[in-house]
Amino acid sequence: MVYLLFGFFSVIAIIAAIRVVSSKDYIHAILWLVLTFFSTAALFIILGAEFLAAMQVLVYTGAIVILYAFAMMLINIKEAKVIRQFHKQKGWAIGIGLLIFAALGFVVAPQAKRLAGAGETAAREAISWGYNSRAIGTALYTKYIFPFEVVSLILLVAIIGAVVLALRKEP
Amino acid sequence: MDLAQLYRDMQAILPEMILAVTALLALILDFLTKCKKSYLACLSVAGISIAVISVWGIPTEGLAFSRLLHVDLFALLYKLVFLSAGAMVILISGDYLDVQNKRSGEYYVLVLLATLGMMVMAAAANFLTMYLGLELSSLCFYILCGLQTKDARSNEAALKYFVLGLMASAILIYGISLIYGATGSLSLIRIEKVLSGQPEGWKSIGLIAGMTLTLVGLSFKIAAVPFHMWAPDVYEGAPTPVAAFMSVGPKIAAFAALLRVLVALFPLSVQWGGIFAVISVLTMTVGNLLALRQESVKRMLAYSGIAHVGYALIGVVAGAYSKDIGLSSALLYFLMYFMANLGAFGVLAVLCRGGHTGETYEELKGLAANSPPAAFFMTIFIFSLLGIPPTGGFIGKLWVFAAAVKSDLMWLAAVGLVNALISTYYYLRVIVMMYMHEPEAEQPAPAASYMAYSALAIMAVVTVFMGANPRPFIELAQRSMAAII
């Protein structure tokens, strides 16, 4: 059953990813991208990484895709529509894509057993903490509390910067 | 996590917490009040002063926050350096901000938070905290550069610094990730243990590549040649007090981080010693030769600042052969240098007044007749940068060259000496312009307040005091370096 679900979402993710690069309309491409991200999140849930799944939805589908949509709508829509999806480098792109895929497979495949073992150990450790999210939360608020606070200051500075540089009306 | 431990940890970051509270207070007061914002300068300086006092209350040994932060003499010394630099910058910027009509609350908030970020960097015991401190301070400086939103040069400086800084950060992070892959840890202490536990002649390509990329990232932040291109343009475009802060703050912070990384990577000292020998010679020579050709004093100071990094790197190269002598001389160099450089930019900031930018050699003509105190302070700072006794710069150069000679790097000391000679030309030109030329036209006298002048006076006194009475500072540098080795 789990394998069936995994296969189902994998196929959806791959088909959606292909449609992202092949659809002519950029709004369609963005929507296909949302589907890709959602099905990847589903894969994470099946693998027991519920925190990653939540982040995937929040960060990628929530923030990044909106950013893409904004960027696309800010530029001239008519121009965006005539952008050709298929260029002369199509062959090169496919070739290099397959090459990277083969290289990754070459590196990962011999290690698959070891990696699976490492994943299991990590999963067992996570279970000893309760859940992933709980383990991450505990680590963030105890061991890594200082970096966590520094990051909050960085975000504050980013907000100040955005307001100062973009919103200021000068006399 | 027990509360006693948390309490001890919080005690260790007392100055940082005081700065953060001051910054947040300034931010809120800026929103709530509509009047002139000069009181925020007083608030910020008061906050920094309390932070300086609190430095004496924290222990001088150990680690805090689950080994993410060092609490040692090295960190304390750098914290004092950044705090005093921050306070001086706030004092000298009041008039400049008034002239530019840019006095606003965010300026102080950003200076305070940048200081905080640099303090975190110098205390980092882990690549994670180091990187976060770096980003906090860099982000503040990107914004500070672009504060003059109507000035094209300011915008250019901000954009250039932002894009190139992000690229350097990316390179740094990639290097750190490779080091993590090779050693299995981000903790500098752990990395040193792993490396020194390896058998003789052990090498890993990932580790060497990671080290190189990390050093490239940090070299960008200290503006060492060939990663210096951004510095002159950014300093020229940034508001002068910000340029003053940038020419010492982020540079010294990145240098502190560099020293910590180099100590952790000491088993690879042959490799990084070679890298920095080349970078040091290039940095000194290119910085000095380009400084010769500048017509803007601000740009000249930017290029000479690059050359100064080169002198300090002599100490680092010497440190690859004799660890404590070399690295402590590099530390001492910046300790002696920062007040003079801050002061030289500070005088330029004071000179900025109605219709005058105070940035070119021409505008310095006859300054001695026009404004004797400004010319006098400038002379002291220039003497220190030049390395003339009895100023701090002389002691700094002397120790760096001595460290090179002691490590059998006679040729490097010779290159440094020749470069120091070249630098006399453009430094003395400033003094000649100020004292031996008549003022060209009717120039308004600098409208600087007593606040800026007292800051310049403090910096001048400290510069001379460090040179006349160097013993305690030399010992301080040696003891701080011994604390991290």
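Protein chains in written order, with this note's numbering: chain A, 1 to 171; chain X, 1001 to 1485.
Even glycine gets a Cβ: it sits at the ideal position worked out from N, Cα and C.
Pull up the distance between the alpha-carbon of residue i and that of residue j, whole angstroms please.
i	j	result
X/E980	X/L1348	Lying outside 1001 to 1485, the shown extent of chain X, residue 980 of chain X is not represented and no answer is given.
X/P1239	A/F51	44 Å
X/L1178	X/V1194	15 Å
X/G1105	X/A1026	7 Å
X/T1318	A/V11	Thr is not the amino acid found at residue 1318 of chain X; the sequence shown has Ala there. Taking the straight line from one Cα to the other gives about 60 Å.
A/A112	A/Y68	35 Å
X/L1077	X/Y1180	29 Å
X/S1138	X/F1074	22 Å
A/V157	X/A1223	24 Å
X/I1325	X/I1173	30 Å
A/F44	A/A53	5 Å
A/V164	X/Y1096	18 Å
X/W1230	A/E149	30 Å
X/L1313	X/L1110	29 Å
X/S1187	A/F6	38 Å
X/I1205	A/V107	17 Å
X/L1265	X/P1199	15 Å
X/S1044	X/L1351	23 Å
X/G1393	X/S1384	4 Å
X/G1165	X/G1217	9 Å
X/P1015	X/G1210	33 Å
X/D1098	A/A63	40 Å
X/V1089	X/P1241	6 Å
Going by the CB atoms, is the gap between residue j and residue i shorter than 7 Å?
i	j	result
X/S1296	X/E1359	yes
X/I1048	X/G1086	yes
X/V1542	X/N1341	In the structure as shown, chain X begins at 1001 and stops at 1485. Residue 1542 of chain X is therefore absent and cannot be evaluated.
X/I1431	X/I1382	yes
X/A1302	X/P1232	yes
X/Y1337	X/G1387	no
X/L947	X/M1434	With chain X represented from 1001 up to 1485, any question about residue 947 of chain X goes unanswered, as that position is not in the structure.
X/W1399	X/L1332	yes
X/G1237	X/E1135	no
X/P1390	X/G1467	yes
X/A1051	X/L1019	yes
X/A1114	X/L1335	no
A/L33	A/V59	no
X/I1171	X/H1228	no
Report yes or no: is there a C-beta of chain X within less than 7 Å of the C-beta of residue i?
i	result
A/L165	yes
A/F146	yes
A/L155	no
A/G161	yes
A/V150	yes
A/K143	yes
Any Cβ of chain A within less than 7 Å of the Cβ of residue i?
i	result
X/E1362	no
X/S1044	no
X/C1140	yes
X/F1065	yes
X/L1106	Correcting the residue type first, residue 1106 of chain X is Glu in the shown sequence and not Leu. X/E1106 counts as touching chain A.
X/T1391	no
X/G1146	yes
X/L1159	no
X/E1135	yes
X/T1183	no
X/L1172	no
X/L1132	yes
X/I1143	yes
Output the residue ranges of the alpha helix (DSSP H) runs that lie fully inside the segment 1314 to 1390 of chain X and measure 4 residues or longer, sorted by chain position. 1323 to 1351, 1361 to 1364, 1367 to 1370, 1372 to 1386
Are at least three pairs of beta-carbons, each pair with one atom in the segment 1411 to 1428 of chain X and one in the segment 1338 to 1347 of chain X, less than 8 Å apart? No, they do not touch.
Complete runs of the alpha helix (DSSP H) confined to the segment 1199 to 1237 of chain X [at least 4 residues]: The segment 1199 to 1237 of chain X contains these whole alpha helix (DSSP H) runs: 1205 to 1221, 1230 to 1237.
Touching or not, the segment 1132 to 1146 of chain X and the segment 1030 to 1040 of chain X, by the rule of three or more beta carbon pairs under 8 Å? no
Any alpha helix (DSSP H) of 4 or more consecutive residues that is wholly inside the segment 1269 to 1307 of chain X: List check, alpha helix (DSSP H) in window: 1269 to 1292.
Tell me the start and end of each unbroken alpha helix (DSSP H) in the segment 1016 to 1065 of chain X that is at least 4 residues and wholly inside, in chain order. 1038 to 1055
Segment contact flag, the segment 1249 to 1258 of chain X with the segment 1112 to 1128 of chain X, C-beta cutoff 8 Å, min 3 pairs: The segment 1249 to 1258 of chain X vs the segment 1112 to 1128 of chain X: in contact.
I want to know whether the segment 1147 to 1154 of chain X touches the segment 1276 to 1289 of chain X - three or more CB-CB distances under 8 Å. No, the segment 1147 to 1154 of chain X does not touch the segment 1276 to 1289 of chain X.
Do three or more CB pairs link the segment 27 to 44 of chain A to the segment 3 to 19 of chain A at distances below 8 Å? yes
Validate contact between the segment 1128 to 1138 of chain X and the segment 1053 to 1061 of chain X using beta carbons, cut 8 Å, 3 pairs: no
Three CB pairs or more closer than 8 Å across the segment 1456 to 1471 of chain X and the segment 1403 to 1410 of chain X: no
If you scan the segment 1080 to 1123 of chain X from start to end, which runs of the beta strand (DSSP E) of 3 or more residues do you find wholly inside it? none
For the segment 1383 to 1442 of chain X, list the alpha helix (DSSP H) runs that are entirely contained and at least 4 residues long, ordered along the chain. 1392 to 1406, 1410 to 1436
Taking only runs that begin and end inside the segment 90 to 167 of chain A, name each unbroken alpha helix (DSSP H) of 4 or more residues, in chain order. Assignment of alpha helix (DSSP H) within the segment 90 to 167 of chain A, counting only whole runs of 4 or more residues, yields 90 to 108, 112 to 128, 132 to 141, 145 to 162 in chain order.
In the segment 1108 to 1122 of chain X, which residues sit with their C-beta less than 9 Å from some C-beta in chain C, listed in chain order? Absent from the structure is chain C; the protein chains it does hold are A and X.
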